[in-house]
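Down below is the structure, laid out as structure tokens.
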Amino acid sequence: MASIKIDDEFDSAVLNIALDTIKLGKQALVFANTKKSAEKTAEEISKKIKTDDEKLSLLSEGALNTLSRPTKQCERLALCLKKGIAFHHAGLVEKQRRLIEENFRSGVIKIICSTPTLAYGVDLPAYRSILKDLRRYTLHGLTWIPVLDYMQMSGRAGRPNYDKEGQAIAIAATNSEKEKIEEKYIDGTPEEIYSKLAVEPVLRTYVLSLIAANFTTTKKQLFDFFDKTFYAYQFKDLRKLHSTLNKVIDLLEEWELIMSSADDFASANELEDEKFKATLIGKRVAELYIDPLTANFIITCLRNASDKKINDFSFLQMLSHTLEIRPLLRVGIREYDRIQESLLEFSDFLLENEPSMYEPEYEEFLNSVKTAMMFYQWISEQDEEFLLEEFNIRPGELRTKLDIADWLLYATEEICKILHYQSLIKEIIKLRLRLKYGIKEELLPLIRLENIGRVRARILFRNRIRDIKDVKNTDLATLSQLLGEKVALSVKKQLGQEQLEVPENKRKGQISLRDWGE
DNA sequence: GGACGGTGAAACTTCAGGTTGCCTC
DNA sequence: GAAGTTTCACCGTCC
């Protein structure tokens with residue numbers, strides 16, 4: 195291992211190495227422990243850089259104005275980008291991430307400070323890979339990360355077509371840490387790869403799909419199939435595997451997602467020959483690829499919905515309590531009372547039975563309530579900055595959650611169809627749209643128009659243009675003042691009212707969307 | 001004497017990421 | 001474990 199000499203101008207090693215990399219005219223990825231740490235490191239580096247580049251200013255502007263109103267996160271990113279530095283993690287919106295990745299590839303951005311996102315998903319090699327901290331917080335406290343993770347991150351060093359070499363640098367705070375790192379990571383061997391198949395949620399899903407696809411119809415076939423999997427090969431404890439499978443089958447039967455076929459009743463004495471087939475709903479659940487446990491939970495909630503008062507919160511809390519939506523927003527100690535208080539307001543509308551305060555699952559339940567409240571604020575037209583402050587959820591994380599929520603609601607819609615809950619379907623479709631756009635119900639007619647989202651729809655509504663008919667009756671000039679000429683024209687065109695341009699004298703005094711806030 | 005404001009130390013909190021489905025005029 | 005945030009005691013100033 196060749197040793198390299200780097201100026202230690204500042205007392206932060208990461209900072210020194212990053213600046214040295216830039217001096218060499220190369221690029222580096224810095225891997226941090228947490229999102230906060232990634233952001234802070236990027237900020238620190240950017241503060242030491244003096245540059246004033248046209249390209250970077252443009253890039254910075256682009257990142258700043260990705261959302262309808264910039265959040266603190268956007269502002270922070272924009273400041274870093276001005277200096278050719280970026281941070282990158284799941285809290286960023288897709289568009290910002292793409293912007294950063296592309297500009298790093300083209301060499302405009304010199305340093306990206308990221309959480310492990312970049313080590314896995316995207317292919318972004320750099321001359322140097324700087325690993326700021328090889329420990330990570332887990333349930334067991336601060337622990338050393340797996341060797342495989344270390345390899346993923348350090349493996350980003352060296353760009354095959356550009357550099358002859360690459361450098362992966364792990365930072366050690368003390369001498370004993372240095373020894374530990376050498377022993378565990380540099381000289382060590384990666385962990386065995388363990389099959390995740392045996393985790394019950396995965397097993398549930400697989401067993402149901404195998405049966406639904408008629409791939410395996412008897413217990414014997416199922417056992418045979420799983421006996422040949424990597425999991426079975428690894429653990430060799432087939433009895434335990436079979437007992438877990440039996441448990442899963444029993445549950446699926448109890449949930450009425452599968453049933454043993456009656457026509458084969460005679461031979462069913464032979465337990466292992468018992469034949470199974472998926473029920474109608476079981477088939478659909480398998481196609482939708484949701485966890486059977488979630489499917490059962492949704493079905494139970496829908497049954498309760500028929501003799502209960504329901505509102506938007508009912509469904510939001512339902513989907514906030516599924517495995518798929520996790521991780522949930524956590525209720526902090528300080529918020530505990532506040533969340534409980536607002537729960538009182540909604541508890542009549544819950545579709546599931548509220549657990550008692552003294553049961554262990556109460557905490558998770560309360561988390562689901564907080565998550566549901568976050569969704570509720572979103573469809574009450576609170577923006578990303580509000581949600582960031584109030585719920586500590588970043589724009590990127592919000593988008594991911596909204597996506598999953600939409601998928602779950604789609605699945606709920608499909609389950610409703612099979613169970614003939616026609617009246618609920620309408621509500622669910624409305625809720626899906628409201629989640630997608632982040633709007634109150636009153637804006638639903640307007641967002642059907644292309645180029646009209648939550649912001650523009652609200653502007654129209656505030657100006658007494660409340661549905662398609664109103665839009666049709668509004669002249670192009672007025673519409674242009676509210677939406678801008680291009681959007682107004684496009685809207686009119688969608689309504690079959692084509693007009694070529696706005697009269698010249700009305701063009702002045704156009705109200706920009708940004709100035710229209712309250 | 002009391003209200004207020006600034007300060008710093010101590011106590012407390014929080015902490016990565018991501019795959020699935022379907023489509024819509 | 002470490003960084004960021006909140007809480008709280010303490011002190012000085014002003015009215």
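In the numbering used here, the protein residues as written are 195 to 712. Even glycine gets a Cβ: it sits at the ideal position worked out from N, Cα and C.
(message) Does the region 624–632 come into contact with the region 653–667, if we say contact requires no fewer than three beta-carbon pairs (one atom in each stretch) closer than 8 Å?
(response) No, they do not touch.
(message) If you measure between the beta carbons of Thr516 and Glu468, is that distance less than 8 Å?
(response) The residue you call residue 516 lines up with position 322 of the first sequence. The residue you call residue 468 lines up with position 274 of the first sequence. Thr516 places its beta carbon 8 Å or farther from that of Glu468.
(message) Count Cβ pairs between the region 233–248 and the region 343–360 that sit closer than 8 Å; are there 3 or more?
(response) With the cut-off at 8 Å, the region 233–248 and the region 343–360 do not touch.
(message) Taking a contact to mean a Cβ-Cβ separation below 8 Å, would you say Asp357 touches Tyr321 in this structure?
(response) Position 163 of the first sequence, counting from 1, holds the residue named residue 357. Position 127 of the first sequence, counting from 1, holds the residue named residue 321. Yes. Within cutoff.
(message) Excluding the 5 residues flanking Val240 on each side, which residues of the same chain have their C-beta closer than 6 Å to its C-beta?
(response) Along the first sequence, read from residue 1 onward, the residue named residue 240 stands at position 46. The residue you asked about is not Val; residue 240 is Ser in the sequence shown. Around Ser240: Cys274, Lys277, Ile279.
(request) Pick out whichever of Leu487, Leu223, Leu640 has its Cα sitting closest to the Cα of Ser348. (result) Walking along the first sequence from the start, residue 348 turns up at place 154. Residue Leu223 is the option with its Cα nearest to Ser348.
(request) Output the boundary residues of the alpha helix (DSSP H) element that contains Thr332. (result) Sequence index remark: in the first sequence, residue 332 carries index 138 (1-based). Residue range 329–332 is occupied by the beta strand (DSSP E) that includes Thr332, with no alpha helix (DSSP H) assigned at that position.
(request) Could you check how far apart the C-beta atoms of Arg593 and Glu233 are, in whole angstroms? I think they sit under 8 Å. (result) Translated into positions along the first sequence, residue 593 becomes position 399. Translated into positions along the first sequence, residue 233 becomes position 39. At roughly 18 Å, the Cβ-Cβ gap does not stay under 8 Å, so Arg593 and Glu233 are not in contact.
(message) Nearest by alpha-carbon distance to Ser197: which of Glu237, Ile363, Glu591 is it?
(response) For the purposes of this step, residue 197 is taken as residue 3 along the first sequence, with counting starting at 1. Of the candidates Glu237, Ile363, Glu591, the one whose C-alpha sits nearest the C-alpha of Ser197 is Ile363.
(request) For Ala605, I'd like the list of residues in its chain whose CB is within less than 6 Å of its CB, leaving aside the five on either flank, ordered along the chain. (result) Residue numbering aside, residue 605 sits at position 411 when the first sequence is read from its first letter. Residues of the same chain with a CB within less than 6 Å of the CB of Ala605, apart from the 5 flanking positions on each side, are Leu482, Ile484 in chain order.
(message) Using 8 Å for Cβ pairs, my map puts Leu638 next to Ile646. What's the rounded Cβ distance?
(response) Along the first sequence, one-based indexing puts residue 638 at 444. Along the first sequence, one-based indexing puts residue 646 at 452. Contact flag wrong, Cβ pair sits at about 11 Å.
(request) Report the option in Ile211, Asn297, Leu538 whose CA atom is closest to the CA atom of Ser323. (result) Locating residue 323 in the first sequence gives position 129, counting from the first residue. Closest in C-alpha terms to Ser323, from the list Ile211, Asn297, Leu538, comes Ile211.
(request) Closer than 8 Å by C-beta to Thr309: which residues in its own chain qualify, once you throw out the five before and the five after it? Chain order, please. (result) Position 115 of the first sequence, counted from the start, is the residue given in the question as residue 309. Leaving aside the five residues that flank Thr309 on each side, the residues in its chain whose CB is nearer than 8 Å to its CB run, in chain order, Phe225, Ala226, Asn227, Thr228, Lys229, Ala232, His282, His283, Ala284.
(message) What does the Cβ neighbour count give for Ile527, buried or exposed, with the cut at 16 atoms within 10 Å?
(response) The residue you call residue 527 lines up with position 333 of the first sequence. It is exposed - the Cβ of Ile527 has fewer than 16 other Cβ atoms within 10 Å.
(message) One question on the structure: do Lys496 and Leu391 come within less than 8 Å of each other, judged by their Cβ atoms?
(response) Taking the first residue of the first sequence as position 1, residue 496 is located at position 302. Taking the first residue of the first sequence as position 1, residue 391 is located at position 197. First, the residue type needs correcting, since residue 496 is Leu and not Lys in the sequence shown. Not closer than 8 Å, so no.
(message) On the criterion of 16 or more Cβ atoms from any shown chain inside 10 Å, does Pro589 qualify as buried, or is it exposed?
(response) Along the first sequence, read from residue 1 onward, the residue named residue 589 stands at position 395. Around the CB of Pro589, 16 or more other CB atoms lie within 10 Å, so the residue is classed as buried.
(message) Going by beta-carbon coordinates alone, are Asn561 and Leu523 separated by less than 8 Å?
(response) Along the first sequence, read from residue 1 onward, the residue named residue 561 stands at position 367. Along the first sequence, read from residue 1 onward, the residue named residue 523 stands at position 329. Yes, Cβ-Cβ distance for Asn561 and Leu523 is below 8 Å.
(request) Report, in whole angstroms, the separation of the C-beta atoms of Ile609 and Ala472, which I expect to be a contact under 8 Å. (result) For the purposes of this step, residue 609 is taken as the residue at position 415 of the first sequence. For the purposes of this step, residue 472 is taken as the residue at position 278 of the first sequence. Between Ala472 and Ile609 the Cβ distance is about 14 Å, and since that is not below 8 Å, they are no contact.
(request) Reducing DSSP to helix, strand and coil, say where Ile653 ends up. (result) Residue numbering aside, residue 653 sits at position 459 when the first sequence is read from its first letter. In the structure shown, Ile653 sits in a helix (DSSP, three-state: H, G or I).
(message) With a threshold of 8 Å on Cβ separation, who are the neighbours of Glu450 within its own chain once the five nearest residues in sequence on each side are excluded?
(response) To locate residue 450, count along the first sequence from 1; it is residue 256. Cβ neighbours of Glu450 beyond the five flanking positions: Thr473, Ile475, Gly476.
(request) Going by DSSP, name the residue or residues bridged to Cys307. (result) Within the first sequence, the letter at position 113 stands for residue 307. Answer is Val224, Phe281, bridged to Cys307.
(request) Output yes or no for whether 8 Å exceeds the beta carbon distance between Pro319 and Arg353. (result) Numbered from its first residue, the first sequence carries residue 319 at position 125. Numbered from its first residue, the first sequence carries residue 353 at position 159. The answer is yes: Cβ separation under 8 Å.
(request) Give me the Cβ distance between Ile305 and Gln415, rounded to the nearest whole Å; I'm assuming they're in contact under 8 Å. (result) Within the first sequence, residue 305 is the residue found at index 111, counting from 1. Within the first sequence, residue 415 is the residue found at index 221, counting from 1. Taking C-beta atoms under 8 Å as the contact rule, Ile305 and Gln415 fail to qualify, at a distance of about 55 Å.
(request) Would you list, in sequence order, the uninterrupted alpha helix (DSSP H) runs of no fewer than 4 residues that lie entirely inside the region 328–401? (result) Complete alpha helix (DSSP H) runs here, min 4: 341–348, 369–375.
(message) Going by DSSP in three states, Met551 sits in which element: helix, strand or coil?
(response) If you number the first sequence from 1, residue 551 lands on position 357. Coil, per DSSP.
(request) Tell me whether the beta-carbon of Asp327 lies closer than 8 Å to the beta-carbon of Ile365. (result) For the purposes of this step, residue 327 is identified with residue 133 of the first sequence, where counting begins at 1. For the purposes of this step, residue 365 is identified with residue 171 of the first sequence, where counting begins at 1. A contact, by the Cβ cut-off of 8 Å.
(request) Give the single residue among Phe569, Lys564, Asn505 whose Cα lies nearest to the Cα of Asp542. (result) Translated into the one-based positions of the first sequence, residue 542 becomes position 348. When each option's Cα is compared against that of Asp542, the closest is Asn505.
(message) Checking the sheet assignment: what are the DSSP bridge partners for Lys469?
(response) Reading the first sequence from its first residue, position 275 is the one you call residue 469. DSSP lists Thr412 as partners of Lys469.
(request) Please state whether DSSP places Ile216 in a helix, a strand or coil. (result) Taking the first sequence and counting its residues from 1, one reaches residue 216 at position 22. Ile216: helix per DSSP, three-state reduction.
(request) Please say whether Val563 and Ile533 have beta carbons closer to each other than 8 Å? (result) By 1-based counting over the first sequence, the position of residue 533 is 339. By 1-based counting over the first sequence, the position of residue 563 is 369. Their beta carbons are under 8 Å apart, which means Ile533 touches Val563 by this criterion.
(request) Could you tell me which of Ser389, Leu397, Ser574 sits nearest to Lys430, measuring between CA atoms? (result) For this step, residue 430 is matched to residue 236 along the first sequence. Nearest option by C-alpha distance: Ser389.
(request) Sort Asp205, Asp214, Ala682 by Cα distance to Lys361 and report the nearest one. (result) Counting from one through the first sequence, the residue named residue 361 turns up at place 167. The displayed chain sequence assigns Gln, not Lys, to residue 361. Here the closest residue by C-alpha is Asp214.
(request) For Ala272, I'd like the list of residues in its chain whose CB is within less than 6 Å of its CB, leaving aside the five on either flank, ordered along the chain. (result) On the first sequence, residue 272 is found 78 positions in, with the first residue counted as 1. Within the same chain, Ala272 has close Cβ partners Ser254, Ala257, Leu258.
(message) Check for me: the beta strand (DSSP E) holding Ile324 runs from which residue to which?
(response) Counting from one through the first sequence, the residue named residue 324 turns up at place 130. Segment 322–325, the beta strand (DSSP E) holding Ile324.
(message) Restricting to runs no shorter than 4 residues, where is the alpha helix (DSSP H) found entirely within the region 632–696?
(response) Runs of the alpha helix (DSSP H) inside the region 632–696: 648–656, 662–667, 670–677, 679–688.
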